[in-house]
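Worksheet: the structure to be examined is printed underneath.
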Amino acid sequence: MKKTLLLVLWLLPLGCGLIEPDSEVLTLFVGPEQVECMVFIPTTCLQVRFSPDGNWENFSDLIEEFDFERGFFYELRVRRVSIADPPADASSLRWILLELIS
(Lines of atoms letter the chains of each structure in order from A; the text may use other names.)
(Lines give C-alpha, C1' and ligand atoms only; values in the text may rest on other atoms or scores of the structure.)
Protein backbone atom coordinates (compact mmCIF):
# COMPACT_ATOMS: atom_id res chain seq x y z
CA MET A 1 0.00 0.00 0.00
CA LYS A 2 2.82 2.42 0.86
CA LYS A 3 4.53 1.68 -2.45
CA THR A 4 1.34 2.45 -4.34
CA LEU A 5 0.88 5.71 -2.48
CA LEU A 6 4.48 6.72 -3.14
CA LEU A 7 4.09 5.89 -6.82
CA VAL A 8 0.92 7.98 -7.06
CA LEU A 9 2.57 10.91 -5.28
CA TRP A 10 5.59 10.64 -7.56
CA LEU A 11 3.43 10.59 -10.73
CA LEU A 12 1.04 13.32 -9.61
CA PRO A 13 3.17 16.27 -10.83
CA LEU A 14 3.52 14.54 -14.18
CA GLY A 15 -0.24 14.20 -14.54
CA CYS A 16 -0.82 17.81 -13.52
CA GLY A 17 1.51 19.08 -16.21
CA LEU A 18 4.13 20.33 -13.76
CA ILE A 19 6.78 18.17 -15.41
CA GLU A 20 6.96 17.81 -19.17
CA PRO A 21 8.55 14.40 -19.77
CA ASP A 22 9.42 14.69 -23.45
CA SER A 23 10.72 18.23 -23.70
CA GLU A 24 13.99 19.84 -24.65
CA VAL A 25 15.31 23.41 -24.51
CA LEU A 26 16.83 24.58 -27.80
CA THR A 27 18.20 27.71 -29.42
CA LEU A 28 16.36 28.54 -32.63
CA PHE A 29 17.48 31.09 -35.21
CA VAL A 30 14.66 32.68 -37.23
CA GLY A 31 15.25 34.42 -40.55
CA PRO A 32 13.81 37.81 -41.55
CA GLU A 33 11.27 36.59 -44.13
CA GLN A 34 8.49 34.05 -44.35
CA VAL A 35 8.33 31.80 -47.42
CA GLU A 36 5.59 29.95 -49.25
CA CYS A 37 5.50 26.30 -48.23
CA MET A 38 3.23 23.29 -48.43
CA VAL A 39 2.12 21.50 -45.27
CA PHE A 40 -1.37 20.09 -45.88
CA ILE A 41 -2.34 23.21 -47.81
CA PRO A 42 -0.29 26.07 -49.22
CA THR A 43 0.75 28.35 -46.37
CA THR A 44 3.66 30.50 -45.19
CA CYS A 45 6.52 29.21 -43.08
CA LEU A 46 9.25 30.77 -41.02
CA GLN A 47 12.82 30.09 -42.09
CA VAL A 48 14.72 28.62 -39.12
CA ARG A 49 17.98 26.93 -38.30
CA PHE A 50 19.15 25.16 -35.18
CA SER A 51 22.72 26.49 -35.21
CA PRO A 52 24.15 29.86 -36.30
CA ASP A 53 25.70 28.37 -39.44
CA GLY A 54 23.18 25.60 -40.13
CA ASN A 55 20.98 25.30 -43.20
CA TRP A 56 17.70 27.21 -43.31
CA GLU A 57 14.62 24.99 -42.98
CA ASN A 58 10.93 25.69 -43.46
CA PHE A 59 9.12 25.82 -40.12
CA SER A 60 5.32 25.69 -40.15
CA ASP A 61 4.62 25.18 -36.43
CA LEU A 62 3.46 27.92 -34.08
CA ILE A 63 5.90 29.16 -31.44
CA GLU A 64 3.75 30.12 -28.47
CA GLU A 65 4.29 33.70 -27.22
CA PHE A 66 6.44 34.61 -30.27
CA ASP A 67 5.30 37.44 -32.55
CA PHE A 68 7.25 37.35 -35.81
CA GLU A 69 7.96 40.72 -37.38
CA ARG A 70 9.26 40.72 -40.94
CA GLY A 71 12.74 42.12 -41.54
CA PHE A 72 14.40 40.97 -38.31
CA PHE A 73 16.66 38.05 -37.49
CA TYR A 74 15.79 36.42 -34.17
CA GLU A 75 17.65 34.19 -31.77
CA LEU A 76 15.19 32.39 -29.50
CA ARG A 77 15.43 30.03 -26.57
CA VAL A 78 12.49 27.64 -26.91
CA ARG A 79 11.12 24.53 -25.28
CA ARG A 80 10.18 21.75 -27.69
CA VAL A 81 7.59 19.41 -26.20
CA SER A 82 6.56 16.12 -27.79
CA ILE A 83 2.80 15.63 -27.95
CA ALA A 84 1.54 12.10 -27.42
CA ASP A 85 -1.12 11.06 -29.94
CA PRO A 86 -1.63 14.39 -31.76
CA PRO A 87 -4.53 14.75 -34.23
CA ALA A 88 -3.69 13.50 -37.73
CA ASP A 89 -3.56 17.03 -39.15
CA ALA A 90 -1.57 18.59 -36.29
CA SER A 91 2.07 18.75 -35.30
CA SER A 92 3.53 16.22 -32.89
CA LEU A 93 5.56 19.05 -31.32
CA ARG A 94 4.65 22.07 -29.21
CA TRP A 95 7.06 25.03 -29.28
CA ILE A 96 7.11 27.51 -26.39
CA LEU A 97 9.16 30.71 -26.34
CA LEU A 98 11.27 30.90 -23.19
CA GLU A 99 13.46 33.88 -24.07
CA LEU A 100 13.99 36.30 -26.93
CA ILE A 101 17.79 36.45 -26.96
CA SER A 102 18.14 38.88 -29.87
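Mapped onto our numbering, the consecutive letters of the sequence shown carry residue numbers 1 to 102. The C-beta atom is built at its ideal place from N, Cα and C for all residues, glycine as well.
May I have the straight-line CA-CA distance separating residue i from residue j, to the nearest angstrom?
{"i": "ALA84", "j": "TRP95", "result": "14 angstroms"}
{"i": "ARG49", "j": "SER102", "result": "15 angstroms"}
{"i": "VAL105", "j": "ARG77", "result": "Residue coverage of the chain in this structure runs from 1 to 102, which leaves residue 105 outside it and unanswerable."}
{"i": "SER82", "j": "PHE66", "result": "19 angstroms"}
{"i": "LEU7", "j": "GLU24", "result": "Because LEU7 carries a pLDDT of 46, less than 50, the predicted location of this residue cannot be relied on, and no value is offered for it."}
{"i": "LEU5", "j": "ASP22", "result": "Note that LEU5 has pLDDT 44, beneath the 50 cutoff, so the model's placement of it is unreliable and the number below is only indicative. Rounded to the nearest angstrom, the two C-alpha atoms are 24 angstroms apart."}
{"i": "GLU64", "j": "LEU97", "result": "6 angstroms"}
{"i": "PHE68", "j": "ALA88", "result": "26 angstroms"}
Specify, as a first and last residue, the run of the beta strand (DSSP E) that residue i falls within.
{"i": "VAL30", "result": "23 to 38"}
{"i": "ILE96", "result": "93 to 100"}
Could you tell me how far apart the beta carbons of residue i and residue j are, in whole angstroms, since I believe they sit closer than 8 angstroms?
{"i": "LEU100", "j": "ARG80", "result": "LEU100 to ARG80, Cβ: 16 angstroms. No contact."}
When the Cβ atoms of the segment 28 to 41 are set against those of the segment 57 to 67, are three or more pairs found closer than 8 angstroms?
yes
Return the chain-ordered ranges of every beta strand (DSSP E) run that is complete within the segment 41 to 89 and spans a minimum of 3 residues.
42 to 49, 57 to 59, 74 to 82
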